[in-house]
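J.: A single structure is presented below for examination.
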Amino acid sequence: SIPLSYFGGIGAASHNGILFKGANYLDLIAKVNTVVIDKTGTLTEGVFQVQKIESVYPDKEKMIEYAVALESKSNHPIAKAMLEYHPDILPYDFNIENVEEIAGHGMKGLVNGKDVLTGNTKLMKLHKIKYEQKIDDIKETVVIVAINKEYAGFFVISDKVKKDSWNAISRLKKLGIKTTVMLSGDKKSIVDDLADELNIDFSYGDLLPEDKVYHIEKLKKDSDNIVAFVGDGINDAPALAISDVGIAMGGMGSDAAVEISDVVIQTDHPSKIATAKQIARSTRAIVI
Ligand code: ADP
Ligand code: MG
Numbered sequence: 315s316i317p318l319s320y321f322g323g324i325g326a327a328s329h330n331g332i333l334f335k336g337a338n339y340l341d342l343i344a345k346v347n348t349v350v351i352d353k354t355g356t357l358t359e360g361v362f363q364v365q366k367i368e369s370v371y372p373d374k375e376k377m378i379e380y381a382v383a384l385e386s387k388s389n390h391p392i393a394k395a396m397l398e399y400h401p402d403i404l405p406y407d408f409n410i411e412n413v414e415e416i417a418g419h420g421m422k423g424l425v426n427g428k429d430v431l432t433g434n435t436k437l438m439k440l441h442k443i444k445y446e447q448k449i450d451d452i453k454e455t456v457v458i459v460a461i462n463k464e465y466a467g468f469f470v471i472s473d474k475v476k477k478d479s480w481n482a483i484s485r486l487k488k489l490g491i492k493t494t495v496m497l498s499g500d501k502k503s504i505v506d507d508l509a510d511e512l513n514i515d516f517s518y519g520d521l522l523p524e525d526k527v528y529h530i531e532k533l534k535k536d537s538d539n540i541v542a543f544v545g546d547g548i549n550d551a552p553a554l555a556i557s558d559v560g561i562a563m564g565g566m567g568s569d570a571a572v573e574i575s576d577v578v579i580q581t582d583h584p585s586k587i588a589t590a591k592q593i594a595r596s597t598r599a600i601v602i
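Going by the UniProt record's numbering, the residue at position 128 of the sequence shown is 442; the numbering climbs one at a time, nothing skipped.
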C-alpha cells in the first residue's frame, strides 16, 4: 500500500498547481539530477509579435498576403503572430491548396495558384532557395518567404522570456540539479544566447522532435543521470515520453504534451519544476 505521506505530497503539489499522475513520480522527481527544458512556450511566453517585414517581391503587400494566407493553415505561435499582424487577410478570400506543415521547418502550399513557402533557413535550404545573407545574422526568429521557388522576403518575429525563467533555473541549481540543458527547434543563435542569459549549462538549437529524443537518450545512457524533460508543445511529446520524468507545462500547452507526461504544471511558471522537486523531497523525508 502507498504510505499516507505520499498523499500529503500529492496534495501539497496539487495545491501548488502541480499534478502528479502517480506516487512513483514523487520518488523519481526527488532523484532527478538533470533537467532538460524546451524553449518556446516553456521558458518564453510563446507569444510572438511581428517586428518587421522586408520584401524584394515586386509587390510587398501581395507577398504579405500570400505568406499570411498560407500561415492561416497552421496553429504554430509564429503563424498566430503573422495573422494577428494582418487581421484583414481572410483565408477564405484565397484559394489555398496542397498545404503541408513541416515540423521544425515551416509551411508549404499553393496560394491562388502560386507556390508559397514560409519558414526558416532549413526550409529554404531544403528547397534550394537562395535568401539574403544578412538573414543569418538576425538575432530574432525569422520567417522567410519564397514565391514560385524564388526568395521574396522575410518577417522578423520575436518572443519574450518569461520573468519566472531566471528564478526557475537558479532554484533548480540551489536544489542541487547538476546539469541543465535547453533544447529547441528555434535558431541556434537565439537558443545559445538565451541559455547564456539564464545560466543554463548546455543548449542545442535547430532541433527536430526526434533530435530532442536523441539528446535525452544520450543523457540517459549515463546511469548516474535521472533525467526530467519539461515541454509544452506537440513537438515535445516524444521527448516527454522517453525521459525518466516527463513534465508538461499545461498552462497553454498542447493536449498531446499533457496526455503523455507524468507530471503536469497547470500554470505557466517554469519555477514550479523546482517546487515539484522540493515537495517530492520533503515527502520522501517523511516516508523514510
Ligand atoms: P520549439 O522547439 O522551441 O518549441 P518549434 O519546434 O515549435 O520550436 O519550431 C521550430 C522552428 O520551426 C521555429 O522557430 C520556426 O523557425 C519553424 N517553424 C515551425 N512552424 C512554423 C510555421 N508555421 N511557420 C514558420 N516557421 C515555422
Ligand atoms: Mg515549445
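Backbone N, C-alpha and C fix where the C-beta goes; we use that ideal spot for every residue, glycine too.
Just jot down, in chain order, the residues whose CB lies closer than 7 Å to any heavy atom of the ligand MG.
T.: That query returns the following residues: Asp352, Lys353, Thr354, Gly355, Thr356, Gly360, Gly545, Asp546, Gly547, Asn549, Asp550.
J.: Between Leu333 and the rest of its own chain, which residues show a CB-CB distance below 6 Å, the 5 nearest in sequence each way excluded?
T.: Correct list, in chain order: Val578.
J.: From Asn347 to Val559, what does the alpha carbon distance come to, in whole angstroms?
T.: Near 11 Å, if we compare the C-alpha coordinates of Val559 and Asn347.
J.: For the alpha helix (DSSP H) containing Lys534, name the first residue and the last one.
T.: Where Lys534 is concerned, the enclosing alpha helix (DSSP H) stretches over 523–535.
J.: Quick one, which of Lys586, Ser319, Lys366 has its alpha-carbon nearest Leu486's?
T.: If we check each option's Cα against that of Leu486, Lys586 comes out closest.
J.: Can you tell me whether DSSP reads Asp576 as helix, strand or coil?
T.: Asp576 falls in the coil class under three-state DSSP.
J.: In chain order, what residues of the same chain lie with their CB nearer than 7 Å to the CB of Tyr371, ignoring the 5 residues before and after it?
T.: So the list reads Met377, Ile461, Ala466, Gly467, once near-sequence residues are dropped.
J.: Go through the region 398–471 residue by residue and report every complete run of the beta strand (DSSP E) that reaches 3 residues or more, in order.
T.: With a minimum length of 3 residues, the continuous beta strand (DSSP E) runs that stay inside the region 398–471 are 410–416, 420–425, 428–433, 455–461.
J.: My guess is that Ala594 and Ala344 are in contact by the Cβ rule of under 8 Å, so how many angstroms apart are they, rounded?
T.: That belief holds up - the Cβ atoms of Ala594 and Ala344 are roughly 4 Å apart, short of 8 Å.
J.: If contacts are defined as beta-carbon pairs under 8 Å, then Glu379 and Ile403 qualify, I think. What distance do you get, rounded to the angstrom?
T.: Sure, about 6 Å apart at Cβ, within 8 Å.
J.: The ligand FAD and Pro372: does the residue's C-beta get closer than 8 Å to at least one heavy atom of that ligand?
T.: Looking at this structure, you won't find the ligand FAD anywhere; what it does contain is the ligand ADP and the ligand MG.
J.: For Ser386, does the three-state DSSP call read helix, strand or coil?
T.: The answer is coil: DSSP assigns Ser386 none of H, G, I, E or B.
J.: Nearest to Thr589 by alpha carbon, out of Asn330, Tyr320, Ser319?
T.: The candidate whose alpha carbon is nearest that of Thr589 is Asn330.
J.: Within 8 Å: the Cβ of Asn412 and any heavy atom of the ligand ADP?
T.: Checking every heavy atom of the ligand ADP against the Cβ of Asn412, none is found closer than 8 Å.
J.: List the DSSP bridge partners of Lys365.
T.: Before going further, note that residue 365 is Gln rather than Lys in the sequence given. None, per the DSSP bridge assignment.
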